[in-house]
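Asks:
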Amino acid sequence: MRLLYLHQHYSGPGGATATRAHAMACAMAARGHAVTLACGRYEGAVTGLDGPFRRGARAGRVAGFRVVEFDIPCGNSQGLAARTRAFLHYAGRAAGLALREEFDLVLASSTPLTVALPALAARRLRRVPFVFEIRDPWPELPRALSEAALPGGVPGPVLAGMDVLATAACRGAAAVIGLTEGMAGTARARGAARVHVVPNGCDLDLFGPQVAPWRPPEAGSGEVLAVYAGAHGRANGLDAAMEAATILRNSGERRLRLVLVGEGSEKARLVAEAARRDLRNLVFLDPLPKTRLAGLLAASGIGLHLLAPVPAFAEWTAPNKLMDALAAGLAVVTNVPGRAARLLEAGAEGPACGIAVPPGDAPALAEALAGLAAAPVRRASMGLAARGRAVRLWDRRLHAARFCGILEAAAGEAALSRAA
1 MRLLYLHQHY SGPGGATATR AHAMACAMAA RGHAVTLACG RYEGAVTGLD
51 GPFRRGARAG RVAGFRVVEF DIPCGNSQGL AARTRAFLHY AGRAAGLALR
101 EEFDLVLASS TPLTVALPAL AARRLRRVPF VFEIRDPWPE LPRALSEAAL
151 PGGVPGPVLA GMDVLATAAC RGAAAVIGLT EGMAGTARAR GAARVHVVPN
201 GCDLDLFGPQ VAPWRPPEAG SGEVLAVYAG AHGRANGLDA AMEAATILRN
251 SGERRLRLVL VGEGSEKARL VAEAARRDLR NLVFLDPLPK TRLAGLLAAS
301 GIGLHLLAPV PAFAEWTAPN KLMDALAAGL AVVTNVPGRA ARLLEAGAEG
351 PACGIAVPPG DAPALAEALA GLAAAPVRRA SMGLAARGRA VRLWDRRLHA
401 ARFCGILEAA AGEAALSRAA
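Going by the UniProt record's numbering, 243 is the number at position 243 of the sequence shown; the sequence numbering is gapless.
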């Protein structure tokens, strides 16, 4: 099969962003398919290409598949207008690629939602079927952010246009893949005929007990590190970490240090506020390549999974940071109810591997962190349970096999339809 994989925010393991697309492209290539992955220049991403851009693009082979990288910068630090221009620019370049070369299937991975535009164009003009992957449900999430009065919301007319595009993508796709049941539900509501759930998984080769640990120089040798690694935007709700650090400092807790890794629109404000409060139990680090992050998690005791208290986040998000913490064998503390809380609780899948606290409850977050810092046996037990679940349930290789099967079935059915 000749597959065109459209993912504007692609990164390989050398970058500081999600590597799901890399893993799935590798899996498809390993099954003998000719994969072309088209991406832009996403902030924090590393594509593996280092040659010069010519006519706004460069191409080469990475890990067994072809990467076409367009010279289109994009990142969360940009404003809405700049990101929108980047989204549309990428859609135009990707459409040109989809219509110029021969492909048997297009995989359009959202966000941004505009990746559906070249997929729809290829279907209409070249009769090439496509699979639509929902990694974040748009416009549902931006609408929820608007309703919560958080930045990241989108003006009403733009949301209306997104509604039209999302519905067209769901109805026109040969299949839709959602990362959670909640995301899959949004596709069904828009009329998608075939919907599958293939969740984020754990990279057990990159994260785990085999990794050499390292600690930031600010960390004392006896401190337990609680690490958050991800975007620093308003939707991430990192003021909760700031408040928890303040409560812990004021209570005299000295066994714990919070480590916030990443970049985003709120980071400068958070750093300034931490300095104003003299929070010596909180340290900020720049974004780390996944390989470097793995070493930090190997030296840590707690993984932090935080989001702003937006009800829609409960079932519509599938953060990589949660999977990375499980793979690293860390006890996890989350303030997100719903799916994340269920992943950590005790039950048929084994003993608890973390603690869920109420959203927006900084004292409860501080209490959970202090409790784990004071209980090394409990913390270690949760870490072992986390790694066990990662191996049994969340091995990315198992999910990749199912992912590949969905794409192969979609291409096969389209080929039979054309031959009939």
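We treat Cβ as the ideally placed atom computed from N, Cα and C, and that holds for glycine.
Just mark Glu181 as buried or exposed, buried being the case when its beta carbon has 16 or more other beta carbons within 10 Å.
Replies: With fewer than 16 other Cβ atoms within 10 Å, it is exposed.
Asks: Cα separation between Ala192 and Asp163?
Replies: Roughly 14 angstroms separates the two Cα atoms.
Asks: Closest Cβ-Cβ distance between Ala368 and chain C: below 9 angstroms?
Replies: In summary, chain C is missing from the structure at hand, where a single protein chain is found.
Asks: Going by the beta-carbon positions, is the gap between Pro137 and Gly178 smaller than 9 angstroms?
Replies: Cβ atoms of Pro137 and Gly178: closer than 9 angstroms.
Asks: Starting from the N-terminal side, write out each stretch of the alpha helix (DSSP H) that is 4 residues or longer and does not extend beyond the segment 230-308.
Replies: Runs found: 239-250, 267-277 and 290-298.
Asks: Using the Cα positions of Met1 and Leu107, report the straight-line distance between them to the nearest angstrom.
Replies: Each residue's Cα considered, the two are about 12 angstroms apart.
Asks: Could you compute how far the alpha carbon of Ile302 sits from the alpha carbon of Arg123?
Replies: Their Cα atoms are separated by approximately 46 angstroms.
Asks: Under the assumption that Leu343 contacts Ala235 (Cβ atoms under 8 angstroms), give the Cβ distance between them as a whole number of angstroms.
Replies: That belief does not hold up - the Cβ atoms of Leu343 and Ala235 are roughly 20 angstroms apart, past 8 angstroms.
Asks: What did DSSP end up calling residue 425 once you bin it into helix, strand or coil?
Replies: Residue 425 lies beyond the stretch modelled for the chain, which goes from 1 to 420, so this question has no answer here.
Asks: How long is the line joining the alpha carbons of Gly172 and Ala116, rounded to whole angstroms?
Replies: Using only the alpha carbons, I get a separation of about 10 angstroms.
Asks: Using DSSP's beta-bridge definition, name the partner residues of Phe132.
Replies: Ala108 and Val176.
Asks: Can you list, in chain order, the residues of its chain with a C-beta nearer than 7 angstroms to that of Pro323? Leave out the 5 residues immediately preceding and following it.
Replies: Contrary to the premise, residue 323 reads as Met rather than Pro in this sequence. Taken in chain order, the residues that qualify are Asn200, Gly201, Cys202 and Trp394.
Asks: Around the C-beta of Leu416, are 16 or more other C-beta atoms found within 10 angstroms, so that it is buried, or is it exposed?
Replies: Its Cβ having fewer than 16 others within 10 Å, Leu416 is exposed.
Asks: Using the Cβ count rule (16 or more neighbours within 10 Å means buried), how would you classify Pro142?
Replies: Burial call: buried.
Asks: Taking the straight line between their C-alpha atoms, what separation do you get for Leu288 and Val198?
Replies: Computed Cα separation, rounded: 26 angstroms.
Asks: Given that a residue counts as buried once 16 or more other Cβ atoms are within 10 Å of its Cβ, and exposed if not, what is Arg93?
Replies: So Arg93 ends up on the buried side.
Asks: In the DSSP assignment, find the alpha helix (DSSP H) that holds His22 and state where it starts and stops.
Replies: Start and end: Arg20 to Ala30.
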